Amino acid sequence: MQAREEARLGDILLAHKMVTQSQLMEALATQWRARVIDPAFEPPDPRLVDRYSPERCLRDCILPWRRRGSLTVIVTARPHLFARHQEELTRLFGPVVMALAQEHEVFRAVQQIRAKDLIQKAETKVAEPLSCREFLTRGKQRALLAICLAALVATLAAPWLTLALLTAWAVVTLCLQMAMKGAATWFTWRGMRAEARDRQHRAAALEEAARASTAPAPLTLASALPAFNSRRNRPAIARLPVVSVMVPLFREEHIASHLVRRLSRLTYPKELLDVCLVMEASDDTTRLTLSRTRLPPWIRVITVPRGAVQTKPRALNYALELCRGSIVGVWDAEDAPDPDQIHKVVQRFHERPPEVACLQGALDFYNAGTNWLSRCFAVEYASWFRVVLPGLARLGWPIPLGGTTLFFRREALEKIGGWDAHNVTEDADLGIRLVRMGYRTELVQSTTYEEANCRALPWVKQRSRWLKGYAITWAVHMRAPRALWRDLGAWRFAGFQLLFLGALTQFIFAPLLWSFWLVLLGVWHPIAAALPGWAFWALAGTFLASEAITIATGIAGTQLAGHLKLRKWVPTLHFYYPLGALASYKALWEIVTKPFYWDKTTHGLHHEEADELAPIIVLEEAAVSPAPRPA
17 MQAREEARLG DILLAHKMVT QSQLMEALAT QWRARVIDPA FEPPDPRLVD
67 RYSPERCLRD CILPWRRRGS LTVIVTARPH LFARHQEELT RLFGPVVMAL
117 AQEHEVFRAV QQIRAKDLIQ KAETKVAEPL SCREFLTRGK QRALLAICLA
167 ALVATLAAPW LTLALLTAWA VVTLCLQMAM KGAATWFTWR GMRAEARDRQ
217 HRAAALEEAA RASTAPAPLT LASALPAFNS RRNRPAIARL PVVSVMVPLF
267 REEHIASHLV RRLSRLTYPK ELLDVCLVME ASDDTTRLTL SRTRLPPWIR
317 VITVPRGAVQ TKPRALNYAL ELCRGSIVGV WDAEDAPDPD QIHKVVQRFH
367 ERPPEVACLQ GALDFYNAGT NWLSRCFAVE YASWFRVVLP GLARLGWPIP
417 LGGTTLFFRR EALEKIGGWD AHNVTEDADL GIRLVRMGYR TELVQSTTYE
467 EANCRALPWV KQRSRWLKGY AITWAVHMRA PRALWRDLGA WRFAGFQLLF
517 LGALTQFIFA PLLWSFWLVL LGVWHPIAAA LPGWAFWALA GTFLASEAIT
567 IATGIAGTQL AGHLKLRKWV PTLHFYYPLG ALASYKALWE IVTKPFYWDK
617 TTHGLHHEEA DELAPIIVLE EAAVSPAPRP A
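Mapping to the working numbering: the sequence shown position 34 is 50, numbers consecutive.
The structure is reproduced here in structure tokens:
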């Protein structure tokens, strides 16, 4: 098993509940002839910890504990890591000797003496020019207020001219958004046709090879199923890696047991899974919930100390230092990922070059049929993840990441500074920074099901947070437009503007465009009245074309997502998007008043739908040499 997996024997025994932590410690102490200590009763010397650095202590699970005469005692839960770093430790501390402690005891000891330093680093990992933590200083607030007052004066002085200019800008961005969505749909459709032809060619080649064989091969599951045949042409993975997945939790009262049940469906070997439930130190609700939940050995809890802000990206930055895996992922608390998702991620990273640093999976809803709002939300997600995002990838534009079902090469994630702890759409910002620093994001064909917001007020709160983050992300990266142009190039720079500024414009100025529909009711419209006849009809044609593209994209998305029953609801999106306009105004207000406020989305209202997701028998696994062991 160890020949096929990057797992230690102790991890394998723990994951399969063959030993307890205490029994493992006793066995390691006997094997390595080392003393077992508890740093909680005998705290480490902070000066020794600082010399090695608290971050490295967490990452390497190595704790320079105390000096005993001429020796420095190094505490670890992983003796092989002590052996790996022994030469460096000797250079730093002189003669060293190893002692043992459980992993969580090592982490807790470092956190207790250096929590303030660790959390400060988590809040400032991203360099200040690319972070929004100085987004609205007092001087910038005054400047923004001056701009708003100037706009108000201009509106009062020339209301019709201002209305005309804003309407013109809204129409231009509508046309560009329409072109983008149409191009994305076209490229996605063309890519699917190409993939279908490739599958047909492979099937024909296999059939020809079977006919050419002099003796009939015995019928096996692998020869009967095309999914297994495709594995033969894949590069083999010598040893499956450890994969860490962080699941941020906040005020989750009922979700823990359901989350464990969903994640238990994963087929990746449990000894290679490192699922980290990340919670805030101030979150008594989640702490109480987890205390009543029996967690398997491959799921652990990481508590994030209090700090200047309380956001999901700050928690992720802090937990990243404690992750074990070379691949790091993110799921949300309510997520139900496909059982074979980790296999697909590992295989894809193995096949792709190092510059592919991130994989984004598709998102869907397990409660799509709850009501009209959830149906429209599901149509919107299907359009975005099944049609638009694949099209953007084929266009070569930056991909604004979703907040979940993200997987990273850990080395690349650490090089770019992790997440911006102050950005409330840390995912979209991270996607742009990846591109700016020479990395690429690709889409992986695996789906995570989550809970759709099916009530209007929570939906508006969630969407306002997304739009606020989009606006802040655009403003941060446009601080130095020349540098952004240089990093992205002209084509991707244009894509960035359309994806962020274009989307914001469409939500904020949508009422200006909707007002033209009043003309059909005989209501006088100042812009429509001033337009020549041909211009008015051209504008009307633009609106109709936009609706047609939205409907076509929605139908294509629902078909690709398997939501055929939702196709009849696609035309009602016209009544769904006004909620987005309301959310945009809430976002604008919060940009000025509380830019870093995280308006939490409530989860846990539809556990039954998620728990009813049937476990999928995985026929297509990562190519491993020798053949992989079932989890």
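Quick reminder that beta carbons are idealized off the backbone N, C-alpha and C, glycines included. Quick caveat: nothing in here was measured; it's all calculated off a predicted structure.
{"query": "Determine the direct distance from the alpha carbon of F424 to that of V259, and round the result to whole angstroms.", "result": "10 Å"}
{"query": "How far does the beta strand (DSSP E) with P264 in it reach, from first residue to last?", "result": "259-264"}
{"query": "Output the distance between the C-alpha atoms of R368 and D503, rounded to the nearest integer angstrom.", "result": "22 Å"}
{"query": "If the criterion is Cβ atoms closer than 9 Å, does the pair L79 and A125 meet it?", "result": "yes"}
{"query": "Unbroken alpha helix (DSSP H) runs of length 4 or more, entirely within the region 66-95: which are they?", "result": "70-76"}
{"query": "Which residue or residues does DSSP assign as beta-bridge partners of Q376?", "result": "L422, L459"}
{"query": "Using the rule of at least 16 other Cβ atoms within 10 Å of the residue's Cβ for burial, across every protein chain shown, is G549 buried or exposed?", "result": "exposed"}
{"query": "Taking DSSP's pairing of strands, which residues face C292 in a bridge?", "result": "M262, R316"}
{"query": "With burial defined as no fewer than 16 other Cβ atoms inside 10 Å of the residue's Cβ, what is the status of P611: buried or exposed?", "result": "buried"}
{"query": "Excluding five sequence neighbours on each side, which residues of the same chain lie with their C-beta closer than 6 Å to the C-beta of V142?", "result": "G433, D436"}
{"query": "Grouping DSSP H, G and I as helix and E and B as strand, with all else coil, what is I567?", "result": "helix"}
{"query": "Run through DSSP, which three-state label would G26 get?", "result": "helix"}
{"query": "In terms of residues, what are the limits of the beta strand (DSSP E) holding I415?", "result": "Neither: I415 is in no beta strand (DSSP E) and is coded neither H nor E."}
{"query": "Would you call the region 398-417 and the region 456-473 touching, i.e. three or more CB-CB distances under 8 Å?", "result": "yes"}
{"query": "Give a yes or no on contact between the region 48-56 and the region 111-118, applying the rule of three or more CB pairs nearer than 8 Å.", "result": "yes"}
{"query": "If you draw a straight line from the alpha carbon of P470 to that of L517, how long is it in whole angstroms?", "result": "Residue identity check: residue 470 is Cys in the sequence provided, not Pro. The straight-line gap from Cα to Cα measures roughly 27 Å."}
{"query": "Please confirm whether C374 and L422 have their CB atoms less than 9 Å apart.", "result": "yes"}
{"query": "What does the alpha-carbon distance come out to for the pair P355 and R215?", "result": "24 Å"}
{"query": "Helix, strand or coil for Y592, going by three-state DSSP, please let me know.", "result": "helix"}
{"query": "Check each candidate in I524, L547, F525 and name the one with the smallest Cα separation from V535.", "result": "L547"}
{"query": "Mind the definition here: the region 577-597 touches the region 286-304 only if three or more C-beta pairs lie below 8 Å; say whether that holds.", "result": "no"}
{"query": "Take the Cβ of W553 as the centre, count every other Cβ of all protein chains shown within 10 Å, and call the residue buried at 16 or more, exposed below.", "result": "exposed"}
{"query": "Just to check my reading of the structure: L338 and W413 have Cβ atoms closer than 8 Å, yes? What is that Cβ distance to the nearest angstrom?", "result": "About 34 Å; that fails the 8 Å criterion."}
{"query": "Just verifying my parser: in three-state terms, what is the DSSP assignment at L116?", "result": "strand"}
{"query": "Checking the sheet assignment: what are the DSSP bridge partners for E466?", "result": "F381"}
{"query": "Could you check if F532 is buried or exposed, using at least 16 other CB atoms within 10 Å of its CB as the buried criterion?", "result": "buried"}
{"query": "According to DSSP, which residues form a beta bridge with E21?", "result": "L256"}
{"query": "Assign R158 to buried or exposed, taking buried as 16 or more other Cβ atoms, counted over all protein chains shown, within 10 Å of its Cβ.", "result": "exposed"}
{"query": "Out of A162, R277, V440, T189, which has the shortest C-alpha to C-alpha gap to E606?", "result": "V440"}
{"query": "Do the CB positions of L282 and I358 come within less than 9 Å of each other?", "result": "yes"}
{"query": "The alpha helix (DSSP H) with I524 in it runs from where to where?", "result": "519-524"}
{"query": "Quick check on the DSSP output: the alpha helix (DSSP H) that includes G323 runs from which residue to which?", "result": "Run containing G323: none; DSSP gives neither H nor E here."}
{"query": "Mind listing, in chain order, the continuous beta strand (DSSP E) runs of no fewer than 3 residues lying wholly within the region 493-561?", "result": "none"}
{"query": "Which one or two residues does DSSP pair with G345 in a beta bridge?", "result": "V261, F423"}
{"query": "Distance, Cα to Cα, S480 vs D66?", "result": "42 Å"}
{"query": "Taking only the alpha-carbon atoms, compute the straight-line gap between L160 and L146 and give it to the nearest angstrom.", "result": "20 Å"}
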